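Residue numbers (this note's numbering): 134 to 618.
The C-beta atom is built at its ideal place from N, Cα and C for all residues, glycine as well.
Treat the numbers as computed from the prediction; the structure is a model and nothing was measured.
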């Protein structure tokens, strides 16, 4: 396979997928919030956080490592076939070990036992997930289309079978089986991209060592993305606190997906290939372009959520989740902060093979987050967990930038971001008060009005400030319009 996959097409596929991921919570969350309530949502959040540790062990870093290895050997069909089976069989082995541990947990723990049983298909989904192989080949269409298909089926099943608060078990079962079928569906295309190999020649020791290097930073990352919910479940008697935090995270994660996930996934794979060819100038150019895009989207998203949160939360989640509004105010900076760190992680540290270096920074941030959680959660519940996460993410981003060997600098960050940040602040100052004053207007109409005005103000201020990135793409847009006319 010597053809170069289209980055534009891959970006479109990934963007479509991210849009679907964005739209589905906007459809399902209001329904589930009102049907299940904050306590049941809290139970789901806590049990998912417990399983997440076992799934991390099951994956053992093979997803990120596998994508990188396939990307670097994509033009050699024998080498990539050999790599696929070595990495996939290793994944099956680690997933089996993790599943045994999960079964032991079920036997020993009677609390939430029935929900833990319903989550078992998740392990087989991880075991047979080969989406990393297609991402390494930059064939994003296959995993994206299959994922979208099963997301739609998952939604239909939820509407048909989740009707009351007692249907949490049904909902968890739907989620886990959907993930399993998504993973299995990708296997039917495998023979198009691999050849038969001699299984006696397979070697696993090297891959185990390498995946373990990827596993450590994943664990470190998870300390502040999963442990928050685990500690909330352990230190607070009210499961609703977990429900509030879980729902606020959903909104933040949607914004993060729109802001950076699509471009990081696509460009990160291409940069792995460029590092193997030592094309340093092109790597720097792509990092700069990605950073501008991520700052534009993440600052706009963070400020936009701040503007509409007051009216959005009660309309979207219901009155039972009113505390989510204040959690969103605390968590919004994470959209910008993680956009920067994830850009460096996917564009520099991972493709250049510096995972051990990034692991150290992640561990530092994770320890800080853990300590702050232990101090803040007993007194401030979900608000303490939110504040701890923001501070930990900030420390990690600072460490990432400081040690990126010039691929990203604070000077570059300020040059690329200050106009966007100023535009976002002006947007908040001008548009946020409307949500407090226009109390007699329909909430949905008011949210739409604030959103549209916010976008207009944000773009208008950027044009006035002559932000280089927005000017560049405005000119490109006008050029395309002229060609059409």
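Residue 255 holds the alpha-carbon nearest to the alpha-carbon of residue 225 among 494, 164, 203, 255. Three or more Cβ pairs drawn from the stretch 360-379 and the stretch 172-191 lie within less than 8 Å of each other, which places the two stretches in contact.
Collapsing the DSSP output to three states places residue 378 in a helix. With respect to the C-alpha of residue 432, the residue from 454, 469, 360, 577 having the closest C-alpha is 469. Secondary structure at residue 370: coil, using DSSP grouped into helix, strand and coil. For residue 542, no alpha helix (DSSP H) encloses it, and the DSSP letter there is neither H nor E. Taking a contact as a CB-CB distance under 8 Å, the pair residue 376 and residue 171 counts as one, their CB atoms being some 4 Å apart.
In this structure residue 235 is buried. Its beta-carbon is surrounded by 16 or more other beta-carbon atoms within 10 angstroms.
Separation of residue 424 and residue 379 (C-alpha to C-alpha, rounded to the nearest whole angstrom) is 28 Å. Classified as exposed, residue 278 has fewer than 16 neighbouring CB atoms from the shown chains inside 10 Å of its CB. The shortest C-alpha to C-alpha distance from residue 475 to any of 415, 447, 426 is the one to 426. Secondary structure of residue 327 (DSSP, three-state): coil. Closest option to residue 514, judged by alpha-carbon separation, among 154, 367, 292: 367. DSSP places residue 181 within a helical segment (H, G or I) once states are collapsed to three. Distance from the Cα of residue 317 is smallest, within the candidate group 307, 280, 300, 530, for 280. With contacts defined as CB atoms closer than 8 Å, residue 519 and residue 498 fail to qualify as a contacting pair.
Between residue 273 and the set 147, 598, 212, the nearest pair of CA atoms involves 147. Apart from sequence neighbours up to five positions away, the residues of its chain that approach residue 528 with a beta-carbon distance below 7 Å are 497, 498, 501, ordered along the chain. It is roughly 23 Å from the alpha-carbon of residue 262 to the alpha-carbon of residue 291. When rounded, the separation of the alpha-carbon atoms in residue 396 and residue 481 is 14 Å.
With fewer than 16 other Cβ atoms from the protein chains shown falling within 10 Å of its own Cβ, residue 414 counts as exposed. For residue 287, the enclosing alpha helix (DSSP H) has its first and last residue at 274-294. In the same chain as residue 450, and ignoring 5 residues on each side of it, the C-beta atoms closer than 8 Å to its own belong to 162, 163, 166, 380, 457, in chain order.
About 13 Å separates the beta carbons of residue 223 and residue 332, which is beyond the 8 Å limit, so they are not a contact pair.
Taking C-beta atoms as the reference points, residue 389 and residue 478 fail to come closer than 8 Å.
Taking the CA atoms as reference points, residue 602 sits about 8 Å from residue 549.
Here residue 494 is near residue 533, since their CB atoms are less than 8 Å apart. Judged by beta-carbon spacing, residue 429 lies beyond the 8 Å limit of residue 312, meaning their Cβ atoms are not closer than that value. The shortest CA-to-CA distance from residue 406 to any of 565, 229, 604, 484 is the one to 484.
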